[in-house]
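Enquirer:
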Amino acid sequence: MTACLFDLDGVLTQTALVHNAAWKQTFDAFLQAWSTQHGQPFVPFDTGADYHRYVDGRQRADGVRTFLASRGITLPEGTPDDGPDAETVNGIGNRKNLLVLQKIQEGAVQVYPGSVDYLHAVKDAALRRAVVSASANCKDVLEAAKISELLEVRVDGVVARAEHLPGKPAPDTFLHGAKLLGVPPENCAVFEDALAGVEAGRAGGFGIVIGVDRVGQADALREHGADIVVQDLAELLAR
Ligand SMILES: [Mg+2]
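Numbering (our numbering), first residue to last: 672 to 910.
(1) What is the residue span of the beta strand (DSSP E) that V802 lies within?
(2) Count the other C-beta atoms from every protein chain shown that fall within 10 angstroms of the C-beta of L908, then say buried if there are 16 or more, exposed otherwise.
(3) As an exercise, report each continuous alpha helix (DSSP H) stretch of at least 4 residues that is fully enclosed by the region 794-852, in chain order.
(4) Can you tell me which of Q711, H709, I744, W694 puts its alpha carbon nearest to the alpha carbon of D727?
(5) Check whether the Cβ atoms of V880 and R873 sit closer than 9 Å, and answer yes or no.
(6) What's the call for S911, buried or exposed, on a 16-neighbour Cβ count within 10 Å?
(7) Rounded to whole angstroms, what's the CA-CA distance from S806 to V735? Just pull it up for me.
(8) Does the region 698-707 come close enough to the region 832-841 to have 3 or more Cβ pairs within less than 8 Å?
(9) Can you find a heavy atom of ligand 1 that lies under 8 Å from the Cβ of D678?
(10) Using only the alpha-carbon positions, how far apart do G896 and Q730 sit?
(11) Is it a yes or a no for the region 794-801 touching the region 861-872, going by three-plus beta-carbon pairs under 8 Å?
(12) Using a threshold of 8 Å, is the CB atom of D876 nearer than that to any non-hydrogen atom of ligand 1?
(13) Where does A674 fall in DSSP's three states?
(14) Determine which residues share a DSSP beta bridge with D680 and list them.
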């Protein structure tokens, strides 16, 4: 391996909790109103199963569409510029993003210390390093977490939109990261905590897919494409 492609949320930073909380707040408000309007029982967003199956690792609009489909709800797509009040897939995504930005500004971004140690170790070993995240806030999060300078290339939600790259579980964003580093996929290691993310790693034909299990879903990570599973990147330093 000559390069490492890191997911951000849940691999380098502990922002998965921030996202999960923002999704729950957004979806529960939406579902509550929907159930009232349609005379259906209110079934809240499940921060376990719903989060991992339908939204984690996906681009914002993909997460909204996929989760709502699981509840038999279809909304108009709208556009990425929709306001947070728009009753569209993009509007709901933007509503969630406002909450995330608010939480980031409140100082909710924590790194995983084992991941920072690992980043330093791979840099010292002269391995190439990219962050590949569905997040449109990736740049702000890296800066807030003070790890920007440890990564040479950033492929995030902003880049994906500009380059028309489909999000995970499609492998395109990881492949783009490898291309920007000038390293063939078979020489890259992918580090992912999301089921959609390890699927993307498998689909892209990367040298190795390392599942990072923060929530006790090691078996599911293996089923979806992880070659090995660790609970923290520090485990890889000890080998
Ligand atoms: Mg993640």
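Backbone N, C-alpha and C define an ideal beta-carbon position, used for all residues, glycine too.
Expert: According to the data block:
(1) Element bounds for V802: 799-803.
(2) exposed
(3) 809-815, 828-834, 843-852
(4) Here the closest residue by C-alpha is W694.
(5) yes
(6) Since the first residue of the chain shown is 672 and the last is 910, residue 911 is not available in this structure.
(7) 14 Å
(8) no
(9) yes
(10) 19 Å
(11) no
(12) Looking at the sequence provided, one finds Gly at residue 876 rather than Asp. The answer is no for G876.
(13) strand
(14) T684
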